[in-house]
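Input: a single structure, listed below in structure tokens.
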Amino acid sequence: MTNFNNYHFHYYLTGHKNQQTILFLHGFTGNFQDFSSVISLLSNSYFCLAVDLPGHGTTGVSGDESCYNISSTAQALIHLLDDLQIDKCLLLGYSMGGRLALYMTLHFPERFEKVVLESASPGLKTEKERSHRLQADLQLAQKLENSNIKDFLLNWYDRPLFKSLKNSPNFDNLIETRLANNPLELAKSLRNMGTGNQPSLWEKLAQNQIPILLLAGEYDDKFTTINIEIASLCPAASLEIVPKVGHNIHFENIDKFVAVVRQFYG
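Taken in order, the sequence shown gives residues 52 to 317; the numbers are from our numbering.
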């Protein structure tokens, strides 16, 4: 646990400190354990750092809700890297964590060598789209505050992009790990780091010079389309569409995921 300003980060470090560090950023409703199986396969070659993001796991936030937004969280994670004396590292983010990872890459490029974005997006392009999504996020956050967290999670994972995930024999275990989250804290994350509140990063993609690997699942039509467009706008990005998986690639086909990540990071 590291404390500074309004953040009390809970994180997990494993591997050898003299090897390259990978910072892992999980998705919405997840926690630092989301990548535990991936880390167990990579920690012999890398120093692995997995963090509970604000609103998730046991990371605590003592400030107001602005501490949960993407810019404040990004700055806080840079402070965490400073505190751990990690000047430059590899970065890997999934879904919400992928949006955060892309923001950090574009705003703190000197801190990252290579970046993997799994099922991520640069946000919504227009103010109208963001306004509509923000209203939906606010309504969903209210439901989260007023409903049983298990019911919320089952509804959350009932969306088309998670169809193949729900067919996984380990799906029930995934739900169980997410039940440990505090619904009031998750609601704060959704209101402030949801796609509706995220500034658009589309116009910054062409400026990026950090090598990025974009990963999208074959069954995830929405994010495959988004990532094809990202690759067309960002010369430093390459795209791999992973067959026979949906949105959560690292959970649905961990061996393929780890092999692709190893090859990219080198």
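Glycine residues also receive a C-beta, built at the ideal position from the N, C-alpha and C atoms.
Query                                                                                                               : Result
7 Å Cβ shell around His-84 - same chain, five flanking residues per side excluded                                   : Reading the sequence as shown, one finds Gln at residue 84 and not His. Correct list, in chain order: Thr-228.
Cβ neighbour criterion (16 or more within 10 Å) applied to Thr-156                                                  : buried
Gly-247 versus Leu-264: straight-line alpha-carbon distance, rounded                                                : 24 Å
Between the CA atoms of Ser-219 and Ile-277 - distance to the nearest angstrom                                      : 25 Å
Secondary structure, alpha helix (DSSP H): runs of 4+ residues fully inside the stretch 129-168                     : 147-158
Given Pro-151 as reference, the closest of Arg-242, Lys-139 and Leu-128 once Cα atoms are compared                  : Note that residue 151 corresponds to Leu in the displayed sequence, not to Pro. Selected option, being the one with the closest Cα: Leu-128.
Phe-274 versus Gly-149, Asp-133, Phe-222 and Glu-303, residue with shortest Cα-Cα distance                          : Gly-149
Strand pairing of Val-326, partner residues [DSSP]                                                                  : Outside the displayed span of the chain (52 to 317) sits residue 326, for which this structure offers no information.
Beta bridge counterpart(s) of Thr-65 as assigned by DSSP                                                            : Cys-99
Buried/exposed call for Glu-254, threshold 16 Cβ in 10 Å                                                            : exposed
Reference Gly-106, options Asp-133, His-130 and Leu-76, closest by Cα                                               : Leu-76
Where the beta strand (DSSP E) through Leu-74 begins and ends                                                       : 72-76
Proximity winner among Arg-313, Gly-268, Asp-103 and Glu-116, relative to Lys-214 (alpha-carbon distances)          : Gly-268
Buried/exposed call for Asp-188, threshold 16 Cβ in 10 Å                                                            : buried
DSSP state of His-59 mapped onto helix, strand, coil                                                                : strand
Ile-73 versus Ser-182: straight-line alpha-carbon distance, rounded                                                 : 34 Å
Where Ala-127 sits in the DSSP three-state scheme                                                                   : helix
Nearest residue (CA-CA) to Ile-137, options Glu-116, Gly-114 and Glu-164                                            : Glu-164
Cross-strand partners of Gly-111 (DSSP beta bridge)                                                                 : His-59
Ala-288 - DSSP class collapsed to helix/strand/coil                                                                 : strand
Alpha-carbon spacing of Ile-279 relative to Asp-223, whole angstroms                                                : 32 Å
DSSP-derived helix/strand/coil call for Ile-261                                                                     : coil
Reference Leu-237; option with closest CA among Leu-204, Asp-209 and Ile-261                                        : Leu-204
Within 8 Å, strictly: CB atoms of Ile-200 and Pro-160                                                               : no
Span separating the alpha-carbon of Asp-202 from that of Phe-302                                                    : 21 Å
Leu-266 beta carbon less than 8 Å from that of Val-311                                                              : yes
C-alpha gap between Gly-66 and Ala-231, whole angstroms                                                             : 26 Å
Close-in-space but distant-in-sequence residues of the same chain around Leu-252 (CB under 7 Å, 5 per side omitted) : Leu-153, Tyr-154, Leu-157, Pro-173 and Gly-174
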